[in-house]
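Reading through the structure tokens given below for one structure.
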Amino acid sequence: MSVSKSALVRALHYTSVATRPRNTCLPRSLSYRQLHATSRLDVVKPFLLADIGEGITECQLIQWFVQPGARVEQFDKLCEVQSDKASVEITSPFDGVIKKLHYEPDDMAITGKPLVDIDIQSEISDEDAEKLGGTNGKQGPADESVAGYAVQAGGGSEEIAAEPETAARGTPEQAQQHRPRHSREDKGSLATPAVRHLIKELDVSITDVQGTGRDGRVLKEDVHRHVSQQTQEPVSREPTGAAVREDRKAPLTPVQMQMFKTMTRSLNIPHFLYTCAADMGAITTLRKKLNAAATSPEQKLTHLPFILKAVSLALQHHPLVNSSLDTRDPKKPALTYRGTHNFGIAIDAPSGLLVPVVHNVQDLSIAEIAVQLRQLSDKARNNKLAPSDFSGATFTISNIGSVGGGVVAPVITEPQVAILGVGRSKLVPAFDENEELVKKEELVLSWSADHRIVDGAECGRCAERVRALLEEPGRMMVEMR
Amino acid sequence: MITWNRAYRGAHLSLSQRRWLSKLTLERLATRPVQSYISTSNNPYLNLSLEHYLLQKSSPESTILLLYVNRPSIIIGRNQNPWLEVNLSLLSPAPRAATNSEPELAGSFLGAVDLVRRRSGGGTVFHDEGNVNWTVICSSKTFTRDKHAEMVTRALRSLGVERARVNERHDIVLDQGERGGDVVDGADMHVTPFTRQNAASRPLKVSGSAYKLTRQRALHHGTCLLSSPNLNVIPHYLHSPSKPFMSARGVESVSSPVGNILLENEEFMGAVQKQFAVMYSESRATELQEVGLEWLENETVGKGYDELNSLDWTYLQTPQFNVSNAADALASTDVQFTVRNGTITAGVLRSRNNSAFSQLGEDSVGTRLHEIAAWSTALPRMFTGVDRAECDKLATWLESVLPPSHKTAGHS
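Chains A and B, in that order, give the protein sequences. Read in the numbering used here, the first sequence has 68 at position 68, and its numbers run on one by one without any break. If you want the numbering used here, it's the position in the second sequence, counting the first as 1, plus 481.
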């Protein structure tokens with residue numbers, strides 16, 4: 001007493017191999033011992049966002065047309081995405097059930113990364129298989145067929161193996177439609193997923209194999225026979241012992257993208273570099289004394305707050321260096337002298353280069369500046385920076401000295417007209433007033449300025465003023481309000 | 482036989498004639514491989530709905546041209562932020578010229594200007610009677626981004642506009658400056674005798690493109706500035722005072738200097754129609770079919786029209802953004818809002834002088850930004866325990882950055 005084929009398939013269809021009850025009434029010809037299938041629980045595959053052309057690596061998700069649990073048919077709309085000028089509807093290449101959405105509306109979806117996870121319930125061609133991600137995260141053609149439930153019994157039950165995907169549709173009429181469609185895609189060769197998997201594994205071209213099954217269908221024996229007839233050995237993939245050096249394409253992260261955009265705009269700025277070395281001995285002595293008296297680690301000062309204050313004091317005398325240039329209309333560049341000193345501080349955060357801003361440095365004491373710097377770097381480390389932390393910079397300071405560096409050539413961010421790069425201070429031999437050899441702690445300050453607005457002499461004077469203030473901190477005290 | 486003259490004589494067809502045209506056109510839609518349409522209406526909501534209908538209902542292998550002209554309106558892209566892209570305070574029927582800081586605008590206001598969110602991507606554009614819009618809908622298999630921009634450029638060149646070319650962003654620009662010495666290929670739509678690497682002045686943009694791609698069909702539409710009287714006013718409409726205060730996801734507009742080509746609308750439309758026919762029609766001529774207000778009788782067009790017209794579509798389709806007055810050095814209280822789907826989801830007021838702090842009231846979460854009539858009344862309701870004077874100062878700032886809409890629903 002055999003169960004009807006469609007009922008059998010339905011029973012298999014909705015249960016995974018692991019939970020299939022052992023005492024299901026199965027036809028004799030099918031027994032679990034004959035099943036070649038290792039338990040293919042992963043019928044759910046991620047569908048990757050296809051390349052929509054024009055070198056676009058990411059696009060914004062506008063809306064979903066499906067939710068997890070929804071059944072989709074081939075060509076049903078999944079979502080709408082937008083990239084620069086194009087809004088694109090993405091449709092499903094398969095029939096199946098949506099399991100997971102990988103993005104929320106407004107998120108940026110990345111080309112080549114999973115868009116949705118879909119439980120595929122149709123036979124898929126090799127072209128479609130390339131749109132899926134592999135289970136171990138490798139991209140490229142999925143090497144296992146998805147219709148794992150299709151009974152992969154050997155030999156004579158090919159008929160049954162062929163039927164499940166058609167019976168699963170429910171009606172034979174639909175099956176007729178689907179079979180011709182797939183045969184067109186296979187270039188006329190009919191074969192079940194199991195056979196196609198075998199063909200791929202043995203690296204054989206399906207068109208070379210003579211099919212002896214119904215309708216010229218290629219069966220497993222046909223493949224084996226074909227292979228044994230070949231004089232060459234079947235290709236066996238050697239275990240790749242040596243590491244394969246392959247190129248890896250990677251889309252830009254949001255932080256990288258922002259940096260890319262900003263720096264590309266900066267290409268329009270004619271930079272010139274002015275460097276000078278400041279003797280940090282006095283500042284270091286001062287710091288050591290103050291830090292020794294500090295009651296908590298948070299109160300310890302680095303040289304950066306001193307540098308910020310020195311720059312701010314110098315900018316009072318050289319406001320041109322703190323100005324903003326608006327070049328939206330190339331015929332009418334607009335120069336604005338900014339009233340406040342908002343310094344962008346370049347920070348090396350886990351996600352990349354971030355430049356949060358310390359506002360109103362002209363009104364802050366050195367201690368207050370130090371507090372702000374600490375807050376900003378804590379927030380950067382914990383990814384807690386808000387948009388308001390990035391806005392309004394009039395001048396930028398890039399302290400690459402934490403990493404190293406002597407002379408550097410920093411890049412100006414528009415609409416600013418200058419930027420200061422601070423290297424790492426080091427001990428160098430020098431001569432004092434008595435022409436005797438002494439140790440000096442030297443810190444190289446590298447100024448880049450926009451030569452459309454700032455000329456060398458102006459930048460040089462500002463730089464020398466900063467140097468004088470740092471070498472003789474008492475002068476800072478005299479100028480402070 | 483080109484019959485587009487009728488559209489501009491304002492011919493009003495009798496009821497029976499209209500219905501007959503519609504039925505015939507519907508049949509054509511399903512069968513004819515090449516179709517050309519011209520709209521008799523200058524209603525931007527209708528024209529965009531017609532365009533969308535043609536995209537959805539035309540047969541998959543057909544190629545369609547649609548030409549239309551809109552009354553003064555601002556069209557933002559599918560996923561753009563109207564507060565960020567448009568100076569909304571200028572859109573109201575009764576602009577408050579006195580409070581604006583641009584006295585030169587007083588007297589040159591355009592009155593009511595529509596704000597429309599279209600269904601294709603891209604940036605914000607200003608439409609008026611001196612600007613002709615062209616749309617080509619074709620099979621996605623044969624679609625490329627430049628194909629129809631090149632077609633329109635050929636049309637312009639055939640009318641003597643030899644400076645026109647397609648640039649890297651698929652826009653049509655007019656090269657400026659002197660004629661160069663090199664010989665250029667006349668069939669290349671991407672270079673003109675005036676193109677040079679380091680041009681003294683940037684080329685002027687005369688047409689921008691946007692696309693909508695579905696599985697089988699691709700829609701490419703673009704503008705064409707022929708003789709707009711509003712070029713000096715447009716930058717004011719498209720420059721929002723809220724830009725320094727907003728951080729937003731979504732596509733931002735790329736602004737370019739624009740200029741008029743100085744052709745008549747009919748001349749241009751005729752040339753485009755001719756180039757389209759040459760490209761796609763075997764007989765090298767197509768009949769220009771009129772479409773207009775009568776199409777609202779069609780259910781699909783009507784539904785699309787209502788959707789485009791609705792304030793929900795215009796304002797609530799905005800991606801998430803934050804508004805903050807941190808960049809305003811003069812403020813004494815920080816205000817920050819998070820807006821998602823056009824509704825306020827979070828907000829906080831924080832004093833800059835002391836530790837006073839107030840969070841958005843529970844029942845104000847979900848307030849639709851475009852439904853706020855006046856900040857002076859709305860703000861105290863949203864935040865409790867805030868000094869009245871501070872509130873008023875913030876309300877004034879908010880009025881300029883997030884202008885309340887004076888329009889009521891049902892603008893058409």
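Using N, Cα and C, we set each Cβ at its ideal position, and we do this for glycine too. Predicted, not measured: the structure shown is a model, and the values here were computed from it.
#### Entry: residue 725(B): contacting residues in chain A (beta-carbon distance under 9 angstroms)
As a first step, residue 725(B) must be located in the second sequence, where it is residue number 244. Neighbours of residue 725(B) on chain A, chain order: 391 and 392.
#### Entry: residue 572(B) versus residue 600(B): straight-line alpha-carbon distance, rounded
Here residue 572(B) is taken as the residue at index 91 of the second sequence, counted from 1. Here residue 600(B) is taken as the residue at index 119 of the second sequence, counted from 1. Cα-Cα distance, rounded: 21 angstroms.
### Task
Please go through the segment 246 to 314 of chain A and give each complete alpha helix (DSSP H) segment of 4 or more residues, from N-terminal end onward.
254 to 266 and 281 to 292
#### Entry: 8 angstroms Cβ cutoff met for residue 841(B) and residue 863(B)
Sequence index remark: in the second sequence, residue 841(B) carries index 360 (1-based). Sequence index remark: in the second sequence, residue 863(B) carries index 382 (1-based). A contact, by the Cβ cut-off of 8 angstroms.
### Task
Measure the alpha-carbon distance for residue 419(A) versus residue 93(A) and round it to whole angstroms.
The residue labelled residue 419(A) in the question sits at position 419 within the first sequence. The residue labelled residue 93(A) in the question sits at position 93 within the first sequence. Distance between the alpha carbons of residue 419(A) and residue 93(A) is about 52 angstroms.
### Query
Mapping DSSP to helix, strand and coil, what is residue 544(B)?
Here residue 544(B) is taken as the residue at index 63 of the second sequence, counted from 1. Looking at residue 544(B) - three-state DSSP - the assignment turns out to be strand.
### Query
With burial defined as no fewer than 16 other Cβ atoms inside 10 Å of the residue's Cβ, what is the status of residue 220(A): buried or exposed?
The residue you call residue 220(A) lines up with position 220 of the first sequence. Classification for residue 220(A): buried.
### Message
Which residues of the segment 759 to 782 of chain B have a Cβ closer than 8 angstroms to any Cβ of chain A? Give them in chain order.
### Response
none
### Query
Any Cβ of chain A within less than 8 angstroms of the Cβ of residue 628(B)?
Counted from its first residue, the second sequence places residue 628(B) at position 147. Chain A contact via Cβ: absent.
### Message
Residues in the same chain with beta-carbon distance under 8 angstroms from residue 360(A), minus the five sequence neighbours each way, listed in chain order, please.
### Response
The residue you call residue 360(A) lines up with position 360 of the first sequence. Taken in chain order, the residues that qualify are 340, 341 and 342.
### Message
Checking 8 angstroms against the spacing of the C-beta atoms, do residue 325(A) and residue 414(A) come in under that value?
### Response
Taking the first sequence and counting its residues from 1, the one referred to as residue 325(A) is at position 325. Taking the first sequence and counting its residues from 1, the one referred to as residue 414(A) is at position 414. Contact flag set, yes.
### Query
Is there contact between the segment 841 to 859 of chain B and the segment 687 to 697 of chain B, where contact requires at least three CB pairs shorter than 8 angstroms?
no
### Message
Once the 5 residues before and after residue 346(A) are set aside, which same chain residues still bring their CB inside 6 angstroms of it?
### Response
Here residue 346(A) refers to the residue found at position 346 of the first sequence. Correct list, in chain order: 355 and 398.
### Task
Have a look at the DSSP bridge pairing and note the partners of residue 839(B).
On the second sequence, residue 839(B) is found 358 positions in, with the first residue counted as 1. In the DSSP output, where bridge partners are listed per residue, residue 839(B) has 830(B).
### Message
Quick check: is the beta carbon of residue 432(A) nearer than 8 angstroms to any beta carbon in chain B?
### Response
The sequence position of residue 432(A) within the first sequence is 432, counting from 1. It does not; no Cβ of chain B falls within 8 angstroms.
### Query
What residues in the segment 782 to 808 of chain B have a beta carbon less than 7 angstroms from any beta carbon of chain A?
800, 801, 803, 805, 807 and 808
### Segments of 3+ residues assigned as beta strand (DSSP E) that fall wholly inside the segment 353 to 440 of chain A
395 to 399, 418 to 422 and 426 to 431
### Message
Let me confirm a value: residue 58(A) is counted as buried when at least 16 other C-beta atoms fall within 10 Å, else exposed. Which label applies?
### Response
Locating residue 58(A) in the first sequence gives position 58, counting from the first residue. Buried, by the Cβ-count rule.
### Task
Name, please, each residue of chain B whose Cβ falls closer than 7 angstroms to the Cβ of residue 67(A).
The sequence position of residue 67(A) within the first sequence is 67, counting from 1. By Cβ distance, chain B contributes nothing, its closest Cβ being about 17 angstroms from residue 67(A), past 7 angstroms.
### Message
Pairs of beta-carbons, one from the segment 775 to 790 of chain B and one from the segment 802 to 813 of chain B, closer than 8 angstroms: are there three or more?
### Response
no
### Task
Use the C-beta contact count for residue 522(B): other C-beta atoms within 10 angstroms, 16 or more gives buried, fewer gives exposed.
Working through the second sequence from its first residue, we reach residue 522(B) at position 41. When all chains shown are included, residue 522(B) counts as buried.
### Message
For the alpha helix (DSSP H) containing residue 538(B), name the first residue and the last one.
### Response
Mapped onto the second sequence, residue 538(B) falls at position 57. That run of the alpha helix (DSSP H) goes 525 to 538.
### Message
8 angstroms is my cut-off, CB to CB: does residue 578(B) come that close to chain A?
### Response
As a first step, residue 578(B) is located in the second sequence; it is residue number 97 there, counting from the start. With a pLDDT of 44 at residue 578(B), under the threshold of 50, the modelled position of that residue is not reliable, and no figure is offered here.
### Query
Taking only beta-carbon atoms, is residue 85(A) less than 8 angstroms away from chain B?
Within the first sequence, the letter at position 85 stands for residue 85(A). Taking Cβ atoms only, chain B reaches closer than 8 angstroms to residue 85(A), which makes this a yes.
### Task
To the nearest angstrom, report how far apart residue 135(A) and residue 224(A) are at their CA atoms.
Taking the first sequence and counting its residues from 1, the one referred to as residue 135(A) is at position 135. Taking the first sequence and counting its residues from 1, the one referred to as residue 224(A) is at position 224. Per-residue confidence for residue 135(A) stands at a pLDDT of 46, beneath the threshold of 50, marking its modelled position as unreliable; the derived number appears in the next sentence. If you take the alpha carbons of residue 135(A) and residue 224(A), they lie about 27 angstroms apart.
### Message
For the alpha helix (DSSP H) containing residue 757(B), name the first residue and the last one.
### Response
Walking along the second sequence from the start, residue 757(B) turns up at place 276. Counting along the chain, the alpha helix (DSSP H) containing residue 757(B) begins and ends at 746 to 761.
### Query
For residue 491(B), which residues of its own chain have a beta-carbon under 7 angstroms away from its beta-carbon, when the five flanking residues on both sides are left out?
Here residue 491(B) refers to the residue found at position 10 of the second sequence. Only weak support is given to the placement of residue 491(B): the predicted model assigns it a pLDDT of 34, under 50, and the value that follows is read from those uncertain coordinates. The answer is none, since no qualifying residue turns up.
### Query
Any C-beta of chain B sitting closer than 8 angstroms to the C-beta of residue 415(A)?
Stepping through the first sequence from its first residue, residue 415(A) is reached at position 415. So no, residue 415(A) is outside the interface.
### Residue-chain proximity (residue 693(B), chain A), Cβ-Cβ < 8 angstroms
Within the second sequence, the letter at position 212 stands for residue 693(B). Yes, its Cβ sits closer than 8 angstroms to a Cβ of chain A.
### As assigned by DSSP and simplified to three states, the class of residue 103(A)
Stepping through the first sequence from its first residue, residue 103(A) is reached at position 103. Looking at residue 103(A) - three-state DSSP - the assignment turns out to be coil, as it is neither helix nor strand.
### Task
Give the residues from the segment 595 to 616 of chain B that approach chain A closer than 8 angstroms (Cβ to any Cβ), ordered along the chain.
600, 601, 602, 603 and 604
### Query
Count the other CB atoms within 10 Å of the CB of residue 477(A); is the residue buried (16 or more) or exposed (fewer)?
Counting from 1 along the first sequence, the entry for residue 477(A) is found at position 477. Exposed, since its Cβ has fewer than 16 Cβ neighbours within 10 Å.
### Query
Would residue 337(A) be called buried (16 or more neighbouring beta carbons within 10 Å of its own) or exposed?
Here residue 337(A) corresponds to residue number 337 of the first sequence, with the count starting at 1. Residue 337(A) should be labelled exposed.
### Task
Taking residue 560(B) as the query, report the chain A residues whose CB atoms sit under 8 angstroms from its CB, ordered along the chain.
For the purposes of this step, residue 560(B) is taken as the residue at position 79 of the second sequence. Chain A residues near residue 560(B): 60, 62, 82 and 87.
### Query
Shortest alpha-carbon distance to residue 82(A) belongs to which of 824(B), 832(B), 799(B) and 886(B)?
Numbered from its first residue, the first sequence carries residue 82(A) at position 82. That would be 799(B), whose Cα lies nearest to the Cα of residue 82(A).
### Query
When burial is assigned at 16 or more other CB atoms within 10 Å of the CB, is residue 438(A) buried or exposed?
Position 438 of the first sequence, counted from the start, is the residue given in the question as residue 438(A). When all chains shown are included, residue 438(A) counts as exposed.
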